[in-house]
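K.L.:
Numbering of the sequence shown is given in my numbering, commencing with residue 102 and proceeding in unit increments.
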Amino acid sequence: MPLFWRISLFNAVVLVTATALLLGPVTVSTPVLLTEAAILTVGLAVILIANAVLLRIGLGPLRQLRRTMTTTDLLRPRARPAVDGHGEIAELIATFNTMIDRLEAERASSAARALTAQESERHRVAQELHDEVGQTLAAVLLDLKRVADRAPDPVREQLHQVQESTRASLDEIRRIARRLLPGVLEELGLASALRSLAAEFTGPSLSVRHHIEPRLPALGDNADLVLYRVAQESLTNAARHAGATRVDLTLERTEGALELSVRDNGSGIDDTAEGAGIRGMRERALLIGAGLLLRAVPGGGTEVRLTVPVRDPEAEPAGTP
Numbered sequence: 102m103p104l105f106w107r108i109s110l111f112n113a114v115v116l117v118t119a120t121a122l123l124l125g126p127v128t129v130s131t132p133v134l135l136t137e138a139a140i141l142t143v144g145l146a147v148i149l150i151a152n153a154v155l156l157r158i159g160l161g162p163l164r165q166l167r168r169t170m171t172t173t174d175l176l177r178p179r180a181r182p183a184v185d186g187h188g189e190i191a192e193l194i195a196t197f198n199t200m201i202d203r204l205e206a207e208r209a210s211s212a213a214r215a216l217t218a219q220e221s222e223r224h225r226v227a228q229e230l231h232d233e234v235g236q237t238l239a240a241v242l243l244d245l246k247r248v249a250d251r252a253p254d255p256v257r258e259q260l261h262q263v264q265e266s267t268r269a270s271l272d273e274i275r276r277i278a279r280r281l282l283p284g285v286l287e288e289l290g291l292a293s294a295l296r297s298l299a300a301e302f303t304g305p306s307l308s309v310r311h312h313i314e315p316r317l318p319a320l321g322d323n324a325d326l327v328l329y330r331v332a333q334e335s336l337t338n339a340a341r342h343a344g345a346t347r348v349d350l351t352l353e354r355t356e357g358a359l360e361l362s363v364r365d366n367g368s369g370i371d372d373t374a375e376g377a378g379i380r381g382m383r384e385r386a387l388l389i390g391a392g393l394l395l396r397a398v399p400g401g402g403t404e405v406r407l408t409v410p411v412r413d414p415e416a417e418p419a420g421t422p
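Below, the structure written as structure tokens:
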């Protein structure tokens, strides 16, 4: 029975009973006697308390629903509120759950289209950097070498410096192109791509240690790309923003899932709003139904953990050990 009718029925029963008693053996004196006033006061208190209890029990699920509505984040899916209560309240909670399911599905679909377009644009830019800018700089290096071979000694030294600057720019262009288009991921698989990524970030100021299981389950191109991009974004954050000197990258099989962990010893995370990089990781995780956890590491640092469900435990290993 809906809450409205339960309260109305309860009050109707009380009022009809009170009216029947007043018309029958029960009377109220004029002026009202002390015992009669006490009885009326107790009766009124019982009615008010009963109404309050009925409303509190009936509206309890709505308070839980309100808390859920104020904390819902489509990038952080969690358990739906239980369909408690009766009548309209149960229908309202069920409708809210259906709405969240639909919104999450639409968000995942739009994120998939956006990420597909993003990867296509990355591919186009990487190709242009490699084919256009890279080839042009390579031709400039050859021209500089021919001119330097014929130039007098003072000019030759300056040309050599220009050659080194041009060569450094060419190396940087190739490095950017590799980050935009991880060809090793398509050619050699996820394990080799993550090892290559760890080696790329390792330098004088940052040490990246990795532990990657040699036999990984086949996840599909989308999942492999999401794992690679999350690892890449985590390493970028550790190197550029966290001031870390050591990062541990781990990819291992757990029960029913594949877990990627990137843990650094940097400055850690704070309560500020998440940037575009972290929100991008959450959208990628949502795309493949994975769970993403960011947490502060005791003693300083941050850990990014991506848990990708593995639906086929007997899948053939993918990638190169």
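Glycine included, each C-beta is placed from N, C-alpha and C at the ideal position.
1) If you count every other CB in all the chains shown that lies within 10 Å of the CB of residue 194, and 16 or more means buried, which is it?
2) Where do the ends of the beta strand (DSSP E) carrying residue 253 lie?
3) For the segment 255–272 against the segment 213–232, do three or more pairs of beta-carbon atoms, one drawn from each stretch, fall closer than 8 Å, so that the two count as touching?
4) Can at least three beta-carbon pairs, one atom from the segment 363–371 and one from the segment 347–355, be found at a separation below 8 Å?
5) On the DSSP letters alone, give me the boundaries of the alpha helix (DSSP H) that residue 297 sits inside.
6) My understanding is that residue 156 touches residue 190, with C-beta atoms under 8 Å, so please give their C-beta distance in whole angstroms.
7) Between the beta-carbon of residue 289 and the beta-carbon of residue 268, is there less than 8 Å?
8) For residue 321, does the three-state DSSP call read helix, strand or coil?
9) Just how far apart, CA to CA, sit residue 285 and residue 325?
10) Measuring CA to CA, which of 344, 368, 369 and 334 is closest to residue 386?
11) Over the uninterrupted beta strand (DSSP E) stretch that includes residue 392, give me the two end residues.
12) Which ranges would you report for the alpha helix (DSSP H) in the segment 179–256 if only whole runs of at least 4 residues count?
13) Do you know how far the Cα of residue 264 is from the Cα of residue 234?
14) From residue 321 to residue 408, what distance separates their C-alpha atoms?
15) Does the segment 351–360 come close enough to the segment 301–313 to have 3 or more Cβ pairs within less than 8 Å?
16) Could you give the residue range of the alpha helix (DSSP H) that holds residue 407?
17) Using the three-state DSSP reduction, which class does residue 110 fall into: helix, strand or coil?
18) Would you mind sorting residue 150 into buried or exposed? The rule is 16 or more other CB atoms within 10 Å of its CB.
19) Buried or exposed for residue 192, please, with buried defined as at least 16 other CB atoms from any protein chain shown within 10 angstroms of its CB.
20) Nearest-angstrom Cα distance between residue 272 and residue 250?
21) Taking only the alpha-carbon atoms, compute the straight-line gap between residue 421 and residue 237 and give it to the nearest angstrom.
22) To the nearest whole angstrom, what separates the beta carbons of residue 393 and residue 212, a pair I think is in contact under 8 Å?
23) Distance check for residue 135 and residue 119, CA to CA, integer angstroms please.
24) How is the beta strand (DSSP E) around residue 313 delimited, first residue to last?
25) In this structure, does DSSP put residue 172 in helix, strand or coil?
26) Secondary structure at residue 368, three-state DSSP: helix, strand or coil?
27) With residue 336 and residue 291 assumed to form a contact (beta carbons below 8 Å), what rounded beta-carbon distance in angstroms separates them?
28) For residue 206, does the count of other Cβ atoms within 10 angstroms reach 16, so buried, or fall short, so exposed?
P.N.:
Reading it off the structure:
1) buried
2) No beta strand (DSSP E) holds residue 253; DSSP gives it neither H nor E.
3) no
4) yes
5) 291–302
6) Residue 156 to residue 190, Cβ: 12 Å. No contact.
7) no
8) coil
9) 12 Å
10) 334
11) 392–397
12) 188–229 and 236–251
13) 16 Å
14) 15 Å
15) yes
16) No alpha helix (DSSP H) contains residue 407, which is instead part of the beta strand (DSSP E) from 403–410.
17) helix
18) exposed
19) exposed
20) 23 Å
21) Reliability fails at residue 421, whose pLDDT of 41 lies under 50, so the model's placement of it is uncertain and no value is given.
22) With 8 Å as the limit, residue 393 and residue 212 do not qualify as a contact, their Cβ atoms being about 13 Å apart.
23) 19 Å
24) 308–313
25) helix
26) coil
27) No, residue 336 and residue 291 are not in contact; Cβ-Cβ is about 15 Å, not under 8 Å.
28) exposed
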